[in-house]
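Numbering (the numbering used here), first residue to last: 387 to 708.
The structure appears below as structure tokens.
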Ligand code: ACO
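Laid out in structure tokens, this is it:
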């Protein structure tokens with residue numbers, strides 16, 4: 387039986403930091419409101435001229451180094467992003483060029499904040515079927531570019547960054563199961579309403595920026611993430627106590643706490659980076675994974691549950707032995 391196994395992780399955050407106090411100067415908000423409602427105290431933001439592929443490249447090179455791999459070893463590149471640098475080619479192709487890797491399959495996946503979970507699930511299928519042996523999977527975003535910096539209901543929530551993993555075929559697990567879902571009926575609750583398919587004019591009048599009915603998204607997110615935890619445990623015949631680490635999407639500390647409670651998991655077994663990173667969309671899960679691997683909390687052989695929820699709505703989970 388072929389499994390896929392994460393052999394290296396990497397992350398990258400732009401140098402520029404925006405604190406809640408910085409945001410107090412831009413919109414009618416307060417450090418206290420942002421901390422109490424979201425748990426966020428700061429976020430990183432790409433500099434002018436720094437693009438999604440730049441963040442992706444840093445994270446990818448760090449993951450390759452951690453895995454002891456060279457770009458030439460990689461036979462599949464998947465980039466999850468909602469903020470591609472170009473309409474085409476894909477960010478994955480731009481990254482492939484940066485890595486000087488020619489010829490292997492490279493494509494983007496768009497599932498907003500669930501993007502990395504979708505991308506890793508797809509890479510897992512490629513590896514299990516023998517179609518790939520060494521995949522580079524990246525979540526990279528410059529969400530700051532699609533935020534209306536005058537809208538306090540959204541601009542305080544998001545940040546930029548990239549996270550990456552190298553996934554390789556192995557006789558030992560590895561990824562144990564992946565669970566992906568979507569329900570487009572909720573498209574209007576969290577959206578950037580404009581898009582090139584509607585013509586460039588559709589991006590005018592605020593339609594090129596994120597809008598969100600935060601309260602409604604919050605309720606669906608909490609319920610949905612609770613359900614996917616149950617689905618994942620049942621599919622693997624596991625008890626809640628079998629999970630060593632929860633690596634959740636980092637949107638809001640209150641959503642993370644609700645999921646941990648559902649798992650009867652103490653918060654010191656949950657990787658939390660939302661305070662320092664904000665919501666980095668598809669980069670949030672791999673960034674959190676990388677932080678906890680590098681600081682030594684997550685160890686080889688431990689059972690990890692990753693979960694995410696995002697625009698679409700999309701949601702998903704990955705259970706793996708690290
Ligand atoms: N500062 C101060 N006040 C604010 C701010 C702000 N930044 N933003 C909103 N408010 C005000 C509102 O105007 C409202 O005022 P009112 O009562 O006078 O009308 C009040 O605060 C309460 O607003 P709510 O929206 O009810 O606040 P809530 O407690 O729901 O928190 C939040 C808002 C943080 C957005 C929360 O709903 C949330 O986290 N939602 C889920 C986000 C999420 O998970 N997204 C999914 C992934 S993102 C992706 O896929 C791209």
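Yeah, the Cβ is synthetic: ideal placement off N, Cα and C, and Gly gets one too.
Proximity of the beta carbon of residue 588 to the ligand ACO is not indicated: no heavy atom of the ligand is located closer than 8 Å.
In the structure shown, residue 494 falls within a strand segment according to DSSP collapsed to helix, strand and coil. Only residues of its own chain outside the window of five on either side were considered, and among them 533, 535 have a CB closer than 6 Å to the CB of residue 541, listed in chain order.
Distance from the C-beta of residue 538 to the nearest heavy atom of the ligand ACO is below 8 Å. In this structure the region 488-502 does not touch the region 416-423; the number of beta carbon pairs closer than 8 Å is below three. Counted as a single uninterrupted DSSP element, the alpha helix (DSSP H) harbouring residue 615 occupies residues 600-621. When secondary structure is reduced to three states using DSSP, residue 513 falls in the helix class. Going by DSSP, residue 680 is part of the alpha helix (DSSP H) stretching over 670-680. Fewer than three beta-carbon pairs drawn from the region 476-483 and the region 568-584 are found closer than 8 Å, and the two stretches are therefore not classed as touching.
Shortest gap from the CB of residue 420 to any heavy atom of the ligand ACO: under 8 Å. Judged by DSSP in its simplified three-state form, residue 539 adopts helix. Note on residue 412: under 16 other CB atoms within 10 angstroms of its CB, so exposed under the neighbour-count rule. Exclusion of the five residues before and after residue 608 leaves 641, 644 as the residues of its chain whose Cβ lies within less than 7 Å of its Cβ. Runs of the alpha helix (DSSP H) lying entirely within the region 537-593 and spanning at least 4 residues, in chain order: 538-541. Across the structure, residue 395 and residue 505 are spaced so that their CA atoms are roughly 15 Å apart. Placement of the Cβ of residue 601 at a distance of less than 8 Å from at least one heavy atom of the ligand ACO is found. Checking the DSSP bridge columns, you'll see residue 419 has no partner listed.
DSSP places residue 689 in the strand class (E or B) of the three-state scheme.
For residue 509, the CB contacts under 6 Å within the same chain, skipping 5 residues up- and downstream, are 464, 521, 523, 553 in chain order.
Between the alpha carbons of residue 660 and residue 601 lies a gap of roughly 18 Å. Of the candidates 681, 705, 514, the residue whose Cα lies closest to the Cα of residue 623 is 705. By the Cβ neighbour-count rule, residue 443 is buried, with 16 or more other Cβ atoms within 10 Å of its own.
With a cutoff of 9 Å on beta-carbon distance, residue 451 and residue 400 are scored as not near each other.
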